[in-house]
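Heads up: the sequence shown begins at 0 in numbering that gives the first Met the number 0, then just goes up one per residue.
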Amino acid sequence: MHYKIHAHKMNPFVVKITVCLLVISNLVFSQNTLEYKLNIGDNLTITQISTQQITQDMNGSKHEMSNNLECDFNLIVTAKTDSSYLINFKFKRFKLKTTSNIYGDLMNVDTHLEDKKDDLESKMFSGLTSSVLKIEMLKTGKILNVSGTQAMIKKMVENAGIEDQFTKELTIEALKEEYGNESLSRSFEQMTYLYPNKKVLVGDQWTNTYSGAITAKNNWTLKEFNKSIVLDATSNISMVSEEESHVMKLKGSQDTHVIANKLSGFPELITVTSTTKGTTVMNQMETVEIPTTIISKTTYKTKKHVQ
0 MHYKIHAHKM NPFVVKITVC LLVISNLVFS QNTLEYKLNI GDNLTITQIS
50 TQQITQDMNG SKHEMSNNLE CDFNLIVTAK TDSSYLINFK FKRFKLKTTS
100 NIYGDLMNVD THLEDKKDDL ESKMFSGLTS SVLKIEMLKT GKILNVSGTQ
150 AMIKKMVENA GIEDQFTKEL TIEALKEEYG NESLSRSFEQ MTYLYPNKKV
200 LVGDQWTNTY SGAITAKNNW TLKEFNKSIV LDATSNISMV SEEESHVMKL
250 KGSQDTHVIA NKLSGFPELI TVTSTTKGTT VMNQMETVEI PTTIISKTTY
300 KTKKHVQ
């Protein structure tokens, strides 16, 4: 009888310990590993649409420019390791229109329009869409390396028919700023580098950074891990653009919303909006600072091709 009473007294403690262990177990197993889980042969087409409104206040009069970009690119996974993927990347279509309320059309390129093949810029960008790049990407989405841009830039310059050697070299250097290995690595990261190096629960936060023409410190939050992976990020961003005619320095904020496939980790929809403000200094008028604002919106949509 004494033994039974003793056992009965201990039961509440046993129950509490068991419940405690169950809670800890549930917490451990409800943590999520967020990463890309791709297979060799995976074939994805991504459509990017970007709009950018630039306003410069020049002594009370406003110079307003708009950039409208549409491009499709194709990704095919060719190999994988325990921590990374090798991916073939190809621009399928590149369309860019830049307009100014003062100067009118500044650029109008569409690689799908056959009737513009006599246009120098269209010829040049056809070199962009006829080249294959190789990307090495970690499972977090961080880009380790992009190769093949040197050959792509050479093809762009050749397609443009530039014969003067000095002009050719200047053009190559200018294109490297935008389409070189390092530039494209940082540019691609804005679409891929989403995930942390740790397991997370819904509601957890982590940070990462992008560098390059746009520098961003991103504060990510896992909003949902159900049918899809849903992420939000708020970012502090800065932008420095040094051109032959001017230097632009801007700072601001950015909001990113991501819906990713739960099985592959690949984003199906990304929306990025940002507002930056600062100054533009024309190289001929170094003492004059022109107040400048840029408002941008970019969406990425992914379509997976069934094998």
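Note that the Cβ used here is the ideal one computed from N, Cα and C, for glycine as well.
- Whole angstroms is fine: what's the gap from residue 255's alpha carbon to residue 162's? Locating residue 255 in the sequence shown gives position 256, where the first residue counts as 1. Locating residue 162 in the sequence shown gives position 163, where the first residue counts as 1. Going by the C-alpha atoms only, they are around 43 Å apart.
- Message: Based on DSSP bridge pairs, tell me the residues matched to residue 71.
- Response: On the sequence shown, residue 71 is found 72 positions in, with the first residue counted as 1. In DSSP, residue 71 forms a bridge with 46, 92.
- Going by beta carbon distance, what residues of the same chain come within less than 6 Å of residue 235, once the five residues before and after it are set aside? Locating residue 235 in the sequence shown gives position 236, where the first residue counts as 1. Contacts found: 216.
- Query: Roughly how many whole angstroms lie between the Cα atoms of residue 24 and residue 30?
  - Reply: Counted from its first residue, the sequence shown places residue 24 at position 25. Counted from its first residue, the sequence shown places residue 30 at position 31. Residue confidence is low: residue 24 scores 41 on pLDDT, short of 50, so the model does not pin down where it sits. Its coordinate-derived value is still stated next. Their backbone Cα atoms lie some 10 Å apart in a straight line.
- Message: Run through the DSSP bridge pairs and tell me what residue 223 is partnered with.
- Response: Working through the sequence shown from its first residue, we reach residue 223 at position 224. Answer by DSSP bridge pairing, in chain order: 229.
- Message: For residue 197 and residue 32, I'd like the C-alpha separation in whole angstroms.
- Response: For the purposes of this step, residue 197 is taken as the residue at position 198 of the sequence shown. For the purposes of this step, residue 32 is taken as the residue at position 33 of the sequence shown. Roughly 7 Å separates the two Cα atoms.
- Per DSSP, the bridge partner or partners of residue 302: The residue given as residue 302 occupies position 303 in the sequence shown. Looking at the DSSP assignment, residue 302 forms a beta bridge with 44.
- Neighbourhood of residue 65 by C-beta distance below 6 Å, restricted to the same chain and skipping five residues each side: Your numbering for residue 65 matches position 66 in the sequence shown. Taken in chain order, the residues that qualify are 52, 98.
- Message: Taking the straight line between their C-alpha atoms, what separation do you get for residue 289 and residue 78?
- Response: As a working note, residue 289 is residue 290 in the sequence shown. As a working note, residue 78 is residue 79 in the sequence shown. Using only the alpha carbons, I get a separation of about 49 Å.
- Task: Out of 176, 138, 182, point me to the one whose CA is closest to residue 145's CA.
- Result: For the purposes of this step, residue 145 is identified with residue 146 of the sequence shown, where counting begins at 1. The candidate whose alpha carbon is nearest that of residue 145 is 182.
- Query: So what does DSSP say about residue 137, is it helix, strand or coil?
  - Reply: As a first step, residue 137 must be located in the sequence shown, where it is residue number 138. Here residue 137 sits in strand by DSSP.
- Query: DSSP state of residue 85, grouped into three classes?
  - Reply: Numbered from 1 along the sequence shown, position 86 holds the residue referred to as residue 85. Strand, per DSSP.
- Query: The beta strand (DSSP E) spanning residue 253 covers which residue range?
  - Reply: For this step, residue 253 is matched to residue 254 along the sequence shown. That run of the beta strand (DSSP E) goes 245–260.
- Below 8 Å between beta carbons: does that hold for residue 108 and residue 120? The sequence position of residue 108 within the sequence shown is 109, counting from 1. The sequence position of residue 120 within the sequence shown is 121, counting from 1. Cβ distance < 8 Å, so residue 108 and residue 120 count as in contact.
- Would you identify the three-state DSSP class for residue 212, choosing helix, strand or coil? If you number the sequence shown from 1, residue 212 lands on position 213. Three-state result, residue 212: coil.
- Message: For residue 175, report the span of its alpha helix (DSSP H) as first-last.
- Response: Walking along the sequence shown from the start, residue 175 turns up at place 176. Note, residue 175: alpha helix (DSSP H), 164–178.
- Task: Can you tell me which of the three DSSP states residue 61 falls into?
- Result: As a working note, residue 61 is residue 62 in the sequence shown. In this structure, residue 61 counts as strand in the three-state DSSP scheme.
- Query: Between which two residues does the alpha helix (DSSP H) harbouring residue 152 extend?
  - Reply: Counted from its first residue, the sequence shown places residue 152 at position 153. Segment 148–159, the alpha helix (DSSP H) holding residue 152.
- Straight-line Cα distance separating residue 68 from residue 106: Here the question's residue 106 lines up with position 107 in the sequence shown. Here the question's residue 68 lines up with position 69 in the sequence shown. The straight-line gap from Cα to Cα measures roughly 11 Å.
- Query: To the nearest angstrom, how far is it from the Cα of residue 214 to the Cα of residue 192?
  - Reply: Reading the sequence shown from its first residue, position 215 is the one you call residue 214. Reading the sequence shown from its first residue, position 193 is the one you call residue 192. If you take the alpha carbons of residue 214 and residue 192, they lie about 13 Å apart.
- Task: Can you tell me the Cβ-Cβ gap for residue 142 and residue 156, rounded? I've got them flagged as a contact below 8 Å.
- Result: Counting from one through the sequence shown, the residue named residue 142 turns up at place 143. Counting from one through the sequence shown, the residue named residue 156 turns up at place 157. Going by Cβ atoms, the distance from residue 142 to residue 156 rounds to 25 Å, so no, they are not a contact pair.
- Query: Between which two residues does the beta strand (DSSP E) carrying residue 267 extend?
  - Reply: The residue you call residue 267 lines up with position 268 of the sequence shown. Counting along the chain, the beta strand (DSSP E) containing residue 267 begins and ends at 266–281.
- So, do the region 281–288 and the region 36–43 have three or more beta carbon pairs nearer to each other than 8 Å? no
- Message: Beta-carbon within less than 7 Å of residue 125's beta-carbon, same chain only, minus the 5 sequence neighbours each way: which residues are those?
- Response: One-based indexing of the sequence shown puts residue 125 at position 126. These residues qualify, in order along the chain: 110, 158.
- Query: What do you reckon, are the CB atoms on residue 35 and residue 273 nearer than 8 Å?
  - Reply: The residue given as residue 35 occupies position 36 in the sequence shown. The residue given as residue 273 occupies position 274 in the sequence shown. No. Outside cutoff.
- Task: For the alpha helix (DSSP H) containing residue 119, list its first residue and its last residue.
- Result: Translated into the one-based positions of the sequence shown, residue 119 becomes position 120. Where residue 119 is concerned, the enclosing alpha helix (DSSP H) stretches over 119–125.
- Inter-residue spacing [alpha-carbon to alpha-carbon] between residue 275 and residue 55: Your numbering for residue 275 matches position 276 in the sequence shown. Your numbering for residue 55 matches position 56 in the sequence shown. Roughly 12 Å separates the two Cα atoms.
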